[in-house]
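This report refers to the structure that appears directly beneath it.
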Amino acid sequence: MDEYAFGVLTNIGLLSFVALSAYLLLVAGELSFGQQAFFGVGAYAAGIGTAMLGWPLPLAALGAMACGALAAAVVGLPALRLRGLYFAMATLAAAEMLRIAFELLHWQVEVDGEPVGPDGTQGFRGIRWVFEHGVEPAGFLALVWSLLALVLALIFLAERSRLGTAVRALGQDAELAASLGIDVLRFKLGVIAASGALAALGGALFAHHNTYIEPRNFDIMLGVHSLAYALIGGLGTALGPLLGVALDIGVLEGSRFLQEYRMIVFGGLVALLLVFRPRGILDERLVHRLTRR
Amino acid sequence: MKQLFLLISLLLPLSAAAQRVHAELQCKPTGTDFVYDCLIRLSRGGEPLSGARISVGADMPSMPMAHNVKPVRATPAERPGEYRARLDLDMQGEWAVKLRISGPVRDLVILHYDFTESGTAPRK
Chain A
259 MDEYAFGVLT
269 NIGLLSFVAL
279 SAYLLLVAGE
289 LSFGQQAFFG
299 VGAYAAGIGT
309 AMLGWPLPLA
319 ALGAMACGAL
329 AAAVVGLPAL
339 RLRGLYFAMA
349 TLAAAEMLRI
359 AFELLHWQVE
369 VDGEPVGPDG
379 TQGFRGIRWV
389 FEHGVEPAGF
399 LALVWSLLAL
409 VLALIFLAER
419 SRLGTAVRAL
429 GQDAELAASL
439 GIDVLRFKLG
449 VIAASGALAA
459 LGGALFAHHN
469 TYIEPRNFDI
479 MLGVHSLAYA
489 LIGGLGTALG
499 PLLGVALDIG
509 VLEGSRFLQE
519 YRMIVFGGLV
529 ALLLVFRPRG
539 ILDERLVHRL
549 TRR
Chain B
351 MKQLFLLISL
361 LLPLSAAAQR
371 VHAELQCKPT
381 GTDFVYDCLI
391 RLSRGGEPLS
401 GARISVGADM
411 PSMPMAHNVK
421 PVRATPAERP
431 GEYRARLDLD
441 MQGEWAVKLR
451 ISGPVRDLVI
461 LHYDFTESGT
471 APRK
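Chains as they are written, first to last, in the numbering used here: chain A, 259 to 551; chain B, 351 to 474.
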């Protein structure tokens, strides 16, 4: 494999984290346009950890996940008073507020004679931990996909437990779930915090893969895509969002000959897919049919 | 044992880094849509950096991970520290050009440039 193939596969892995975070919320019955904000929180937190505070990446990534979970819970607590599209709009507004906060964040320290740290709209340069520790593209790819496999295993385990059943139940009908004794607010807040931590882990890895981040990396485009990945791939299994990301990147990479028209073609394909399979390719019905055998 | 050393090195903070490479970019449109011929100037400690192997890639900051350019190998130009590469972009606009440098030194340099019909300008 060449450098480009490693890059594309790494990007699929990184986007899968934010797609899975949107998937968790969709399963719990909430539509979020704001997962990019927690991806950004993770990217900035982990960047500050390694590049400015001199932490090792594993510690910085854990710190980033904690920040992501906290930020998501702070957004989720008031937003959960709303329903449906109102909740979605609240998450979008919160995400834009966080992106603007990144634009206003100026905090730099000197490292080896170079200023390092967030510099408003100019971004945050010099997140070089992975590069300076000699982690090659193949090694980073293995790290991203190992963590993704771990996350998937945890989600599969949770989905087969009472916890997963309760989350699916409140995603289908929150009032019915509440009547069965499920604490809807606590469960939803837990899912929101978990989704924030997951997106933040992806952001932490993205920042170290790119060595550079800026507020524009975390705008609405990433939020819409993450939601689209989960919806395209399907809500029946956690593998759905991964399929959505692979299809998106695969179609985009495979249609380079269409040049600037490829985004239009891609948008049309997504619209057609959602007309014929509104809950995605791997929807609940298909997954049930496959797992029954 | 090798894996153990790698694991330990990953867990330790890095104490020092070598002097960084500085780069400038100048690109001209070729006449084909979104294809640019670029001249890269590398220096280190104020001196031109010759003999480097450079892989040049690019992605769009506003669409991270979705719009990437397949990295190309830069070739040495006439003057010391200068290299040429042809970039085939998806569209005009701002691109983060990634120079992955190996050879006499190893470094990764990110440059932000606006690619327009007339050429390139560094992001303000």
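For glycine and all other residues, C-beta sits at the position ideal for the given N, C-alpha and C. Predicted model, so just to flag it, every value in this text is computed and none were measured.
Backbone CA spacing between Leu-544/A and Arg-550/A [nearest angstrom]: In a straight line, the C-alpha of Leu-544/A is about 10 Å away from that of Arg-550/A.
Contact list for Leu-479/A against chain B, beta-carbon separation under 9 Å: Before going on, a small fix: residue 479/A reads as Met here, not Leu. Under the 9 Å cutoff, chain B gives Ser-412, Met-413, Pro-414 and Ala-416.
Within-8 Å CB hit, Glu-288/A to chain B: By this cut-off, Glu-288/A is not an interface position.
Cα-Cα separation, Arg-473/B to Phe-275/A: Roughly 30 Å between the two C-alpha positions.
7 Å Cβ shell around Pro-430/B - same chain, five flanking residues per side excluded: Apart from the 5 residues on each side of it in sequence, Pro-430/B sits with its Cβ closer than 7 Å to the Cβ of Pro-398 and Ser-400 in its chain, given in chain order.
Contact list for Arg-370/B against chain A, beta-carbon separation under 7 Å: Neighbourhood of Arg-370/B in chain A, by CB distance below 7 Å: Glu-372, in chain order.
Own chain partners of Thr-495/B with C-beta closer than 7 Å, once the 5 adjacent residues on each side are dropped: Here chain B comprises residues numbered 351 to 474, so residue 495/B is not present and cannot be evaluated.
Rounded C-alpha distance that separates Asn-475/A from Gly-461/A: Our two residues, Asn-475/A and Gly-461/A, have alpha carbons roughly 10 Å apart in a direct line.
Proximity below 8 Å, CB of Ala-408/B to CB of Leu-437/B: Taking 8 Å as the Cβ cut-off, Ala-408/B and Leu-437/B qualify as a contacting pair.
Contact with chain B by Arg-339/A, beta-carbon distance below 8 Å: No, Arg-339/A does not count as interfacial toward chain B.
Of the residues Ala-402/B, Gly-396/B and Gly-381/B, the one placed nearest Ser-452/B, counting alpha carbons only: When each option's Cα is compared against that of Ser-452/B, the closest is Ala-402/B.
Status (buried if at least 16 other CB within 10 Å, exposed otherwise) for Asp-260/A: With a threshold of 16 other beta carbon atoms within 10 Å, Asp-260/A falls short and is exposed.
Where Leu-458/B falls, given that 16 or more other Cβ within 10 Å makes a residue buried: By the neighbour-count rule (16 or more Cβ atoms within 10 Å), Leu-458/B is buried.
The stretch 289-304 of chain A in contact with the stretch 448-457 of chain A per 3-pair CB rule at 8 Å: Judged by Cβ distances under 8 Å, the stretch 289-304 of chain A makes contact with the stretch 448-457 of chain A, as three or more pairs qualify.
is_contact[Leu-500/A, chain B] using C-beta, thresh 8 Å: Judged by the 8 Å Cβ criterion, Leu-500/A is not in contact with chain B.
Residue closest to Asp-477/A, alpha-carbon to alpha-carbon, out of Arg-339/A, Arg-341/A and Thr-379/A: Residue nearest to Asp-477/A within the set Arg-339/A, Arg-341/A and Thr-379/A is Thr-379/A (criterion: CA-CA distance).
Where the beta strand (DSSP E) containing Gly-407/B begins and where it ends: Note, Gly-407/B: beta strand (DSSP E), 403-409.
Residue-chain proximity (Phe-389/A, chain B), Cβ-Cβ < 8 Å: It does; some Cβ of chain B falls within 8 Å.
Near-chain B residues of the stretch 293-307 of chain A (beta-carbon distance less than 7 Å), N- to C-terminal order: Correct list: empty, as no residue qualifies.
Ser-513/A beta carbon less than 8 Å from that of Val-503/A: With respect to Ser-513/A, Val-503/A sits apart: the two C-beta atoms are not nearer than 8 Å.
Three-state class that DSSP yields for His-546/A in the structure shown: Helix at His-546/A.
Cβ neighbours of Phe-345/A in the same chain (closer than 6 Å, five flanking residues each side left out): Excluding the 5 residues flanking it on each side, Phe-345/A has same chain C-beta neighbours closer than 6 Å at Glu-288 and Ala-337, in chain order.
Cβ distance (whole Å) where Trp-365/A is taken to contact Ala-309/A below 8 Å: That pair is no contact at about 11 Å.
8 Å Cβ cutoff, Thr-349/A in contact with chain B: Contact of Thr-349/A with chain B is not assigned, every C-beta pair being separated by 8 Å or more.
Closest residue to Glu-511/A among Ser-412/B, Gln-376/B, Asp-387/B and Lys-420/B (Cα-Cα distance): For Glu-511/A, the nearest C-alpha among the options comes from Lys-420/B.
Contacting residues, own chain, Cβ-Cβ under 8 Å from Ala-263/A (five flanking each side not counted): So the list is empty, once near-sequence residues are dropped.
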